[in-house]
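Below is one structure, written out as structure tokens; the observations come after it.
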Amino acid sequence: MNFKRQVESLWLSDIHLGCKDCKAEFLLHFLNTTDAKRIFLVGDIVDFWALQRKMRWPEAHNQVLNLILTRAQQGVDVIYLPGNHDELAKPYDQLLFGSVKIKLEHTHSTLTGKKLLMLHGDKFDQQVCFGKFQAKLGDALYDLLLFLNRQFHSLRKLFGLPYWSLSSYIKGKVKGANEAINRYKHAALNEAKKQQTDGIICGHIHPPQLIEEDGLIYCNDGDWIENCTCMVETLSGDLQLLKWQDGQENCDVMSEIIFSSDIETKKQKAA
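In our numbering, the protein residues as written are 28 to 298.
Written out as structure tokens, the structure is:
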């Protein structure tokens with residue numbers, strides 16, 4: 028593919044390298060067709076939990092990691108904000124790993140002057156989960172969903188059909204899951220308000236979303252386990268939530284927040 032997407036900033040989270048459900052091949056295609064001036068890795072990049080259960084590191088996982096590290100060495104500003112599955116990196120807050128900066132939280136100013144708080148989001152767990160038993164039950168059910176998702180994907184491949192997330196579809200139909208997502212969103216927006224920013228970008232829970240609510244921006248950039256999504260800041264300073272489309276080898280814009288037209292209007296009035 029000759030097409031090369033040019034963006035100001037790229038947000039990726041919940042890649043889960045080392046996990047058998049990681050869609051590393053899709054992400055590799057995306058990264059090879061995207062140039063970003065800066066890359067924010069918003070946690071759960073390497074899944075140490077999965078690696079502790081069973082060492083699994085396919086070549087595609089290695090290629091994704093090497094590509095990101097190479098971009099950092101070439102001058103792309105790469106900031107890594109560890110999550111719960113890669114919490115081994117959390118003690119190294121504010122340090123450099125090669126050319127990659129490690130930070131627990133970071134605030135990014137967009138081209139249009141929006142201040143966006145970034146963190147993985149596992150700090151909101153106590154505000155979302157009911158208790159340890161419910162959390163463990165939820166993990167077990169999620170593992171079952173991912174198993175079904177793998178089998179469904181294998182079946183679709185036999186018929187030459189592109190990837191489609193059965194697990195995301197099922198979760199979207201479960202009332203309790205949607206309630207937990209809303210609690211998480213409100214906890215994240217409260218944190219953005221507390222830190223006096225214009226919004227927040229996080230991961231952790233996988234359902235992707237980009238909205239404005241009560242004057243604040245909320246973005247969960249999704250994952251590369253089920254949804255294959257990310258967020259970008261365009262060269263005009265707008266925000267877009269992108270979804271990789273298997274088969275098309277391109278991205279669809281799931282949602283966007285446009286600021287650049289407001290900037291142009293202000294410039295015209297000033298002139």
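Where is the CB? At the ideal position from N, CA and C, for every residue including glycine.
These numbers were taken from a predicted model, which means no experiment stands behind them.
Inset, instruction - Grab the span of the beta strand (DSSP E) containing isoleucine 66 for me, first residue to last. - result: Taking the first residue of the sequence shown as 1, we reach residue 66 at position 39. From DSSP, the beta strand (DSSP E) with isoleucine 66 extends over 61 to 68.
Legend entry - Residue nearest to histidine 56 in terms of C-alpha spacing, selected from Met281, Phe286, Thr256, Leu262: Locating residue 56 in the sequence shown gives position 29, counting from the first residue. Ranked by Cα distance from histidine 56, the options Met281, Phe286, Thr256, Leu262 are led by Thr256.
Inset, instruction - Find out if the Cβ-Cβ distance for the pair tryptophan 251, leucine 54 is shorter than 8 Å. - result: In the sequence shown, the residue the question calls residue 251 occupies position 224. In the sequence shown, the residue the question calls residue 54 occupies position 27. Taking 8 Å as the Cβ cut-off, tryptophan 251 and leucine 54 qualify as a contacting pair.
Legend entry - Residues of its chain near leucine 243, where Cβ-Cβ distance is below 6 Å and the 5 sequence neighbours each way are ignored: In the sequence shown, the residue the question calls residue 243 occupies position 216. Cβ within range, chain order: Leu216, Ala219, Gly226.
Inset, instruction - Please classify valine 91: does DSSP put it in a helix, a strand, or coil? - result: Numbered from its first residue, the sequence shown carries residue 91 at position 64. Helix.
Inset, instruction - Have a look at leucine 68 and aspartate 149 and give me their C-alpha separation to the nearest angstrom. - result: Numbered from its first residue, the sequence shown carries residue 68 at position 41. Numbered from its first residue, the sequence shown carries residue 149 at position 122. Between the C-alpha atoms of leucine 68 and aspartate 149 there is a straight-line separation of about 14 Å.
Inset, instruction - Alpha carbon to alpha carbon, how far is lysine 184 from valine 103? Give it in angstroms, no decimals. - result: In the sequence shown, counting from the first residue as 1, residue 103 sits at position 76. In the sequence shown, counting from the first residue as 1, residue 184 sits at position 157. Cα-Cα distance, rounded: 35 Å.
Legend entry - Cut-off 6 Å between Cβ atoms - residues of its own chain near lysine 159, not counting five sequence neighbours on either side: Here the question's residue 159 lines up with position 132 in the sequence shown. For lysine 159, the pLDDT reaches just 49, beneath the cut-off of 50, and the residue's location in the model is therefore unreliable, although a value from the coordinates is still provided. Within the same chain, lysine 159 has no close Cβ partners at all.
Legend entry - Three-state secondary structure (DSSP) of serine 184: By one-based count along the sequence shown, residue 184 stands at place 157. The question names serine, yet the displayed sequence has lysine at residue 184. In the three-state reduction of the DSSP assignment, lysine 184 falls in the helix class, which pools H, G and I.
Legend entry - CA-to-CA distance, histidine 135 to asparagine 209, given in whole angstroms: What you label residue 209 is simply residue 182 of the sequence shown in a count that begins at 1. What you label residue 135 is simply residue 108 of the sequence shown in a count that begins at 1. Cα-Cα distance, rounded: 24 Å.
Legend entry - Cα-Cα separation, alanine 38 to glycine 187: Translated into the one-based positions of the sequence shown, residue 38 becomes position 11. Translated into the one-based positions of the sequence shown, residue 187 becomes position 160. Per the sequence presented here, residue 38 reads as tryptophan, with alanine not at that position. Each residue's Cα considered, the two are about 30 Å apart.
Legend entry - Sequence-distant residues of the same chain with beta carbon closer than 7 Å to isoleucine 285, five excluded per side: As a working note, residue 285 is residue 258 in the sequence shown. Residues of the same chain with a CB within less than 7 Å of the CB of isoleucine 285, apart from the 5 flanking positions on each side, are Asp265 in chain order.
Inset, instruction - Find the nearest neighbour of glycine 70 within the set Asn254, Tyr107, Gln223, judged by alpha-carbon distance. - result: Here residue 70 corresponds to residue number 43 of the sequence shown, with the count starting at 1. That would be Tyr107, whose Cα lies nearest to the Cα of glycine 70.
Legend entry - C-alpha gap between histidine 180 and lysine 50, whole angstroms: Sequence index remark: in the sequence shown, residue 180 carries index 153 (1-based). Sequence index remark: in the sequence shown, residue 50 carries index 23 (1-based). Computed Cα separation, rounded: 11 Å.
Inset, instruction - Have a look at His213, Glu206, Gly45, Trp271 and flag the residue whose alpha-carbon is nearest the alpha-carbon of cysteine 246. - result: By one-based count along the sequence shown, residue 246 stands at place 219. For cysteine 246, the closest alpha carbon among the candidates His213, Glu206, Gly45, Trp271 is that of His213.
Inset, instruction - Identify, in the order they occur along the chain, each residue of the same chain with its Cβ nearer than 8 Å to the Cβ of valine 34, setting aside the five sequence neighbours on each side. - result: As a position in the sequence shown, residue 34 is number 7, starting the count at 1. Here valine 34 has Thr61, Asp62, Ala63, Lys64, Val259, Glu260, Thr261, Leu262 as same chain residues with Cβ atoms under 8 Å from its own Cβ, once five neighbours each way along the sequence are excluded.
Legend entry - Contact set for tryptophan 271: own chain, Cβ-Cβ below 6 Å, skip 5 residues either direction: Within the sequence shown, the letter at position 244 stands for residue 271. Cβ within range, chain order: Phe53, Phe57, Cys255, Cys278.
Legend entry - For leucine 44 and histidine 88, believed in contact at Cβ under 8 Å, the rounded distance: For this step, residue 88 is matched to residue 61 along the sequence shown. For this step, residue 44 is matched to residue 17 along the sequence shown. The distance from the Cβ of histidine 88 to that of leucine 44 is about 4 Å, consistent with a contact at the 8 Å cut-off.
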